[in-house]
Amino acid sequence: MGISQDTHESMATDAANYLCHQLQHLLGPISSATSQSGPWEERSVMVRLTQKLQKSKRNKWWRQRRRKHVAELFQKERADYDRVDQEADEWRAKQIAKDIAKRRVESMQQIARKKTNEERKRLESEVDLDLENYECFIDVTLTRDNNITTRNIY
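Shown next, in the form of structure tokens:
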């Protein structure tokens, strides 16, 4: 069984009347401002209210934009600081590596000088032993490039 046509129409009319009544109740405070027949003071108050709402929206939008801009600036500043800090760390690491390499080269040069001096002493002692076997005098000199030069002296 369904609802009769008359009952259905009366229920729809009641619902429509209820909605119209609710809308009139909700729009009642601003109806005088929207109609041209109302007093000008109410219209003026409504205009000021809408202008305040628009200004509030503009200010809210501006504050959001400004906060976003400031956050971007802070983020950029942090990124720049991190980049400069990383570059400084890399430079410092390069300087330390250069110092270590320089010390190694100096120690290798010192070891090479010691070995050269030992080799020179060994060669001079060998030459002295060989000279004792000869009857003539020989002038022996050792050059810087470890070559032996001899000269006979009679």
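With the working numbering applied, the sequence shown corresponds to residues 293 to 446, in that order.
Glycine included, C-beta positions come from ideal geometry on N, C-alpha and C.
In the DSSP assignment, Thr441 forms a beta bridge with Thr433. Shown here, Ser336 sits in a helix according to DSSP, grouped into three states. DSSP places Ser348 within a helical segment (H, G or I) once states are collapsed to three. Rounded to whole angstroms, the separation of the alpha carbons of Arg384 and Lys390 is 10 angstroms. In the structure shown, Ser417 falls within a helical segment according to DSSP collapsed to helix, strand and coil. When DSSP states are grouped into helix, strand and coil, Ile392 belongs to the helix group.
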